[in-house]
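2 protein chains.
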Amino acid sequence: MGEQKQKKREFLDILVALRQIIRATDLHSKHVMKVCGLTVPQLVVLLAIEELGAVTVRQISKHVSLSQATVTTILNRLEDRNFVKRTRNTTDKRVVNSCLTDKGRAVLVDTPPLMDGHFMLRYEKLDSAKRAEILEALQEVANLMAPEEGTPIPPTDDGELTPLL
Amino acid sequence: MGEQKQKKREFLDILVALRQIIRATDLHSKHVMKVCGLTVPQLVVLLAIEELGAVTVRQISKHVSLSQATVTTILNRLEDRNFVKRTRNTTDKRVVNSCLTDKGRAVLVDTPPLMDGHFMLRYEKLDSAKRAEILEALQEVANLMAPEEGTPIPPTDDGELTPLL
DNA sequence: ATCAAATGTTTTGACCTGTAATCATTCGCT
DNA sequence: AGCGAATGATTACAGGTCAAAACATTTGAT
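The listed protein sequences derive, respectively, from chains H and Z. Sequential numbering of the first sequence, starting at 6, is according to my numbering. Sequential numbering of the second sequence, starting at 6, is according to my numbering.
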């Protein structure tokens, strides 16, 4: 009977850890915003454009694991502030290609940290076995949470580049 | 020299896993919203009130690890929809006490899942050693990300109940 | 040629989240 | 008693995030 309680406790512990991680991640993003004027998601989108060149919204969305709508709103802000330039593709007028402006390129020369420096320092102090264990556990959780199994790496194979991030 | 690259790769992997986890968590919250009409944060606040009784905003905020402002906005929505009732404390008119309404109590009788059922099912299938490893890793990461070390459990000891979540 | 389905993007609407500023009260000192 | 500091809550503002709806365009089938 107490076994159910036990299970509940276990999930609660996971929930608590996850919430702390999510909160810390968000706080870091806010911090980066104050320091360098761009949030982590904005930087990630910028990096994706740098890596992929003139790229469609959908490609960015896949690459950074965000919905198309989210990427659009991030692009709006980035374009307002002149970090990227959007141009409609001439051959297919549905698609929009995004490029970095000089300002956009400039802000990336000295990439601000996407991850909390505090965390990185402490993480690096761990021995590599521990680090591997942690990484593996995180990936395991991510997989467990993935929408559907069967295709851990979905056979999108639609010419996508490595969907890093 | 390729050692730096290696480190970078490692952090990138962590970042990717974290982003997927955060995204999945958010998606689950949206899903819960569609199914039961309340998001996970709203449920968590409701549960905190159920557990703590007539409680101040600050206490809720501590209990659920969210800022006071965030709790206020969540309470706004919950009060608008008549799940909670706020009353100013008579002895100290600065403080606001929140209580569940009948409707609020009712919605909690069959607590909707705070965690993705899909995830829970798959997680339960793992052997307990693996599960322990995962939980430990998550807590390790949460600690590594905590604002300051030295006081893993900060000596708040201000009569708080267990700050679960 | 035409019209429906598919595709790519943006808009809309709802929520979560935090910091900083503001408001109201209470407390502590003199 | 009175005034400034501390405390509790809310508001204002800036983002992130998504699903669904709305648009625009292209493609495919007739």
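Even for Gly, the Cβ is constructed at its ideal location relative to N, Cα and C.
Smallest Cα separation from residue i: which of the options?
i: H:L113; options: H:G42, H:A29 and H:L20; result: H:G42
i: H:T61; options: H:K13, H:Q47, H:I19 and H:L80; result: H:L80
i: Z:R63; options: Z:A151, Z:V21, Z:R127 and Z:S103; result: Z:S103
i: H:P46; options: Z:V45, Z:H36 and Z:R24; result: Z:R24
i: Z:L123; options: Z:H33, Z:D18, Z:L20 and Z:D107; result: The amino acid occupying residue 123 of chain Z in the given sequence is His; Leu does not appear at that position. Comparing Cα positions, the closest option is Z:H33.
i: Z:E84; options: Z:L105, Z:K10, Z:D18 and Z:V146; result: Z:L105
i: H:T44; options: H:M120, H:K10 and H:S70; result: H:M120
i: Z:R82; options: Z:L143, Z:A59, Z:A142 and Z:V50; result: Z:V50
At what residues does the beta strand (DSSP E) containing residue i begin and finish?
i: H:K98; result: No beta strand (DSSP E) contains H:K98, which DSSP labels as neither H nor E.
Name the two residues that bound the continuous alpha helix (DSSP H) containing residue i.
i: H:M125; result: G122 to K130
i: H:A53; result: V45 to L57
i: Z:T77; result: Q73 to D85
i: H:S133; result: S133 to M150
i: Z:S66; result: V62 to V69
i: H:L113; result: D107 to V114
Alpha carbon to alpha carbon, what distance is there between residue j and residue i?
i: H:T167; j: Z:A134; result: Because H:T167 carries a pLDDT of 42, less than 50, the predicted location of this residue cannot be relied on, and the following value inherits that uncertainty. So the two alpha carbons sit approximately 33 Å from each other.
i: H:R91; j: Z:N148; result: 41 Å
i: Z:K67; j: H:P118; result: 29 Å
i: H:R14; j: H:D115; result: 44 Å
i: Z:E154; j: Z:A74; result: Here the model assigns Z:E154 a pLDDT of 46, short of 50, so the residue's position is not dependable, and the following value carries that caveat. Each residue's Cα considered, the two are about 25 Å apart.
i: H:K108; j: H:L17; result: 45 Å
i: H:T30; j: Z:A151; result: 10 Å
i: Z:L170; j: H:V21; result: Caution applies to Z:L170, whose pLDDT of 45 falls short of 50 and renders its modelled position unreliable; the value that the coordinates give is listed next. Approximately 4 Å between the Cα atoms of the pair.
i: H:D132; j: H:L140; result: 13 Å
i: Z:R110; j: Z:R28; result: 30 Å
i: H:K4; j: H:R127; result: No answer is possible for residue 4 of chain H: the residues shown for chain H start at 6 and end at 170.
i: Z:M38; j: H:E145; result: 26 Å
i: Z:E56; j: Z:T95; result: 22 Å
i: H:P159; j: Z:V100; result: Only weak support exists for where H:P159 lies, its pLDDT of 39 falling under 50; the coordinates are left without a value.
i: H:H36; j: H:E8; result: 42 Å
i: H:L52; j: H:R93; result: 21 Å
i: H:A137; j: Z:I26; result: 18 Å
i: H:V40; j: Z:I65; result: 30 Å
i: Z:R86; j: H:D97; result: 46 Å
i: H:T77; j: H:L71; result: 10 Å
i: H:M125; j: H:I54; result: 25 Å
i: Z:K10; j: H:E129; result: 14 Å
i: Z:I19; j: H:V69; result: 14 Å
i: H:A142; j: Z:L143; result: 8 Å
i: Z:F88; j: H:A59; result: 49 Å
i: Z:L48; j: H:L48; result: 32 Å
Measuring only from the beta carbon, is residue i closer than 7 Å to any heavy atom that is part of the ligand GTP?
i: Z:R28; result: No copy of the ligand GTP occurs in the structure displayed, which carries no ligand at all.
Cβ-based contacts, 9 Å cut-off: residues of the region 14–29 of chain H near chain Z: E15, F16, L17, D18, I19, L20, V21, A22, L23, R24, Q25, I26, I27, R28 and A29
Interface positions of the region 103–130 of chain Z facing chain H (Cβ-Cβ less than 8 Å), listed along the chain: L119, M120, D121, H123, F124, M125, R127, Y128 and E129
Interfacial residues, the region 54–84 of chain H to chain Z, with Cβ spacing under 7 Å: S70
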